[in-house]
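What follows is a set of notes on a single structure, which appears directly below.
Residue numbers (the working numbering), protein chains in the order written: chain W, 7 to 443; chain R, 85 to 632; chain S, 449 to 666.
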């Protein structure tokens, strides 16, 4: 009716909006009436000529008290009922609802469908079918809010909560995290994509990516997982990031926080992936709680593949492109002799800039979009606009990363490059990016 | 403190000048001087919390980082909103009216010489100072982001029990502050029971006293619960107790229940005294008795009582059972009724009155408007289906700023203006105070009405950054916030300057009020009354009685 | 703070102190009301932990049973007897004060304080036993992992209670024993003795609830 809450996307949204509208009307009428009466009294009974006029000693009126106690009570009981009515629908899941498992972690949403398909940051559902989200958290409290569906429910570690909705239209909608969860709470967004039924079935059945992974040899598969899940915090070249480097990690021995020693054999590695806080490497106290557990997310097979990959990070083998091994900062003479694209590549791989930790060059998705094919690529931004990745867009994204964020990606790129990378640096990088086809 | 020397004439001596020197103030057990100790300190924290808010609003004025040289990362923003909440609630509004005006007025209004336990009163103040210092310590070096707390003032587990910052220190500060609040509440309850002057029966007490009494009961009963909860958070962090942390078998929702069991009643600690202030101001400047005195008294006690059983309306989407949600929603509606009754009675007091538009009266009338918005927006949040949408969005932020700022803070400013002549013996400049009022009123509404709209569009709270479609309302809100800040500064500086350097002496009873506090000198002597007063009239006997 | 001469503060033994804004009858009433309100806040403080205990027990019934049986029942029962007896002597101290028998106050509060010491020693023994087996904060032995929930809340509750025992002992000494040694109390004035004893009764009462809950019901 009044349309104050925006687009209605679910079948019970109109009940919420109706209740909202009624209260709006009642509130406006009451506020205007009461404040209006007060202002009216203030004007017609105002003191005139600086002298108080005679006033009657009226102490009260029992009838009025009864009226203005009973009547509002009846009104609020009705309003309470309206709230209850819309709530009951939200908490009653119809039979045959499609179930999707939702896992919240700092700071992203993982979804898993009944057929095993997994996505991150993107919930895809068919129109006109009820979907039930069964949710749990890996670490702290989060909350899954879909404004257009009017539903919200907290996501709690150690427990399951649920919410459901039946989309009544197709489209691409916003999902927010609405329970404060730390640094990137405001970046913990997701997209809800409602597709026509047939298109959804095709999407659900598409396991091409899963098949590709299954046919690889374990260490390659481990590297794929590393590129998606681990690269942001663990380097391969010995440099410390949030967590320890994986250079020569297999079999490594060392000290733990709080005394004690470790040896990074299969069991230690598995324990550190499933129970990251159990044994923290000395020197990484501050980041102790930064790693969320991968229980339920990485299978035992995944762990075996990762361990196989770790064994290859021994400093002797050259690790295949997605993660350049030990990039070195080139010196000035060498730089002057290079072509712009070569200089750009050196900048991209410079550990001082760390572009490669979040942007792959082989098409795989890391924290940020892949740079493969980036030149003049069309992308959709988080505010719905479409842009083309030309020189000015790329420059803007390097210097002011939050200005235009690609849809589906967190606004996590630090704004540290303006002043650090000059115009010339940026144009060299752009020349390099043009070569990534 | 004041410049004039103690004279030979006894009538020149009052509580401000009969003893001088800073030590006489810092060690005074005189409730009137303790009022000033608190007032000075809470206003400092009001400004610190206010600056945090202005920094937040500056950052939020545009999408993406707006002031990255100051708010260098999302973490710093999170520290700022935590600081803002903790300082404003625990260090400003909760002590607020009770510790200042309550301390000053309660003995005067009941005809006593002081509160029941004056030394405990001073001890409460120093507990508050210690708590504040510990809290400030936990924010040491906030801009390096190393130890500053970023959990929000709600300290939800398991984030608060696992994050690597000075949570234990800040939470312990809140515990000490809570203890101060408990002792003040206890002191006031005993004072009101035991020290009323002859003839001052319960039903002759001014509504400010009833409001303070209801507030003191909440302070005494609710605060220990949060105090213990905060200690348990420390136990969880330091000893690994396993009560709230699910990885150790604990329950994070239990923490929410224990926290909100206090934190809902605390909003009544904040606002009930303000209701009392409005109930004192409107009759004086309408020259009419407070309409429905008995109902107003009853409503204060009802709010205090019912306020204890509505806490889980903060938790409708926290994973509580549907049955609990329905129960808490229904009872929350019931707590709205007594407040509505008060508003009706205030407005009815003005009927056939003789209305003066002094600064206190302007603030009191503004209170009615602002609290109507506060109360009606609360209705949306009490409704289950609608709260699911609005929970943790800007709609809630706007609602609670209308109740706390539009309610409690406006009440405090109104009270400071109304009783200023009594407390300082001087008259402030009405033109300046009215200009400040206009800035405060317009600025406040400009800050928070856009936030209701943001909430309707689904904008979540505690967000450092947001999608660009929300920017316009945020920019408007930031402009309002600065106007609001200027207004408050102007209002308080006006009062401060007048108190220190003002020349216009106040008569004993400039507004011709019938309140007992106005029957003694302005400012009062140290013992309040030269002789113990005897009370034989109703508290608001304004106007001409009807002929039988 | 007050400019009264020091002499004005010297009160004859047995007389109530001079309070400038209340007569002694009102002061007595105020003190009692104040102490009862304070005791209410202490009860609410512990109520939070009783509540948490109930909920944790609901979630982990078996682990709680097991951990509870691990507690030293004899030590707990002995401590209960000690505190009950000390409450009795505290009550006797009040009667003595009312009769102006200051020596009786010293002796009886002295016994209560001594009982407090014994309680703390036994508690200390219980804690050290637990620490020895790795069932104590900072020295947790992981094999007792499932005792942690019970023990966590057990240490919080008994620890806070022990702190209150210490406070009670100090209060009885400062406001009971020391003034009584100077013959301060009489039938006209014994308020601090009464209030100290009230506080001690609360400390005992809390233990009366703690003991069955932690050691028996488990």
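Glycine included, C-beta positions come from ideal geometry on N, C-alpha and C.
Nearest-angstrom Cα separation, counted from residue 534 (chain S) out to residue 559 (chain S): 7 Å
Below-7 Å beta-carbon distance, residue 544 (chain S) vs any chain R residue: no
Exposure of residue 84 (chain W), with buried meaning 16 or more beta-carbon neighbours within 10 Å: exposed
Neighbouring residues, chain S, relative to residue 279 (chain R) (Cβ below 9 Å): 469, 470, 474 and 478
Nearest-angstrom Cα separation, counted from residue 433 (chain R) out to residue 77 (chain W): 20 Å
Candidates W:109, W:273 and W:412: closest to residue 384 (chain W) by CA position: W:412
Given residue 346 (chain R) as reference, the closest of R:480, R:451, R:392 and R:375 once Cα atoms are compared: R:392
Interface residues of chain R facing residue 196 (chain W) [CB-CB closer than 7 Å]: Correct list: empty, because the minimum Cβ distance to chain R is about 13 Å.
Local conformation of residue 503 (chain R) per DSSP, three classes: coil
CB contact check: residue 485 (chain S) to chain R, cutoff 7 Å: yes
Classification of residue 261 (chain W) by the beta-carbon crowding that lies within 10 angstroms, buried from 16 upward: exposed
Partner residues on chain R for residue 504 (chain S), Cβ-Cβ distance less than 9 Å: 326, 327, 333, 334, 335 and 338
Which listed residue (R:96, R:143, R:216 and R:113) has its alpha carbon closest to that of residue 130 (chain R): R:216
Interface positions of the segment 197-217 of chain R facing chain S (Cβ-Cβ less than 9 Å), listed along the chain: 197, 198, 199, 200, 201, 202, 203, 204 and 206
Residue 52 (chain W) in three-state terms, based on DSSP: strand
The segment 324-341 of chain R touching the segment 231-241 of chain R, judged by at least three CB pairs closer than 8 Å: yes
Contact the segment 452-465 of chain R vs the segment 33-43 of chain W: 3+ CB pairs below 8 Å: yes
Closest residue to residue 155 (chain W) among W:161, W:177, W:270 and W:404 (Cα-Cα distance): W:177
For residue 90 (chain W), the first and last residue of its enclosing alpha helix (DSSP H): 68-97
Interface residues of the segment 591-602 of chain S facing chain R [CB-CB below 7 Å]: 596, 597, 600 and 601
Chain R contact for residue 558 (chain S) (CB, 7 Å cutoff): no
Short Cβ contact (7 Å threshold) for residue 279 (chain R) with residue 196 (chain R): yes
Where residue 612 (chain R) falls: helix, strand or coil (DSSP): strand
Closer than 6 Å: residue 285 (chain W) CB and nearest the ligand ZN heavy atom: For the ligand ZN, the structure offers nothing, since it holds no ligand at all.
Closest Cα partner of residue 63 (chain W) within the set R:562, R:445, R:486 and R:436: R:436
Run of the alpha helix (DSSP H) containing residue 208 (chain W), from where it starts to where it stops: 203-211
N- and C-terminal bounds of the alpha helix (DSSP H) containing residue 141 (chain R): 115-144
Local conformation of residue 168 (chain W) per DSSP, three classes: strand
Completely contained alpha helix (DSSP H) runs for the segment 164-250 of chain R, where each covers 4 or more residues: 187-194, 202-221 and 243-246
Local Cβ density within 10 Å of residue 289 (chain W), reported as buried at 16 or more and exposed below that: exposed
Cα-Cα separation between residue 427 (chain W) and residue 321 (chain W), rounded to whole angstroms: 30 Å
Beta carbon proximity, residue 500 (chain S) to chain R, threshold 7 Å: yes
7 Å Cβ cutoff met for residue 357 (chain R) and residue 383 (chain R): no
Contacts of residue 312 (chain R) in chain S (Cβ-Cβ under 7 Å): 493, 496 and 497
Neighbour flag for residue 323 (chain R) against chain S, beta carbons, 7 Å: yes
Assumed close pair residue 136 (chain W), residue 170 (chain W) - CB separation to whole angstroms, cut-off 8 Å: 6 Å
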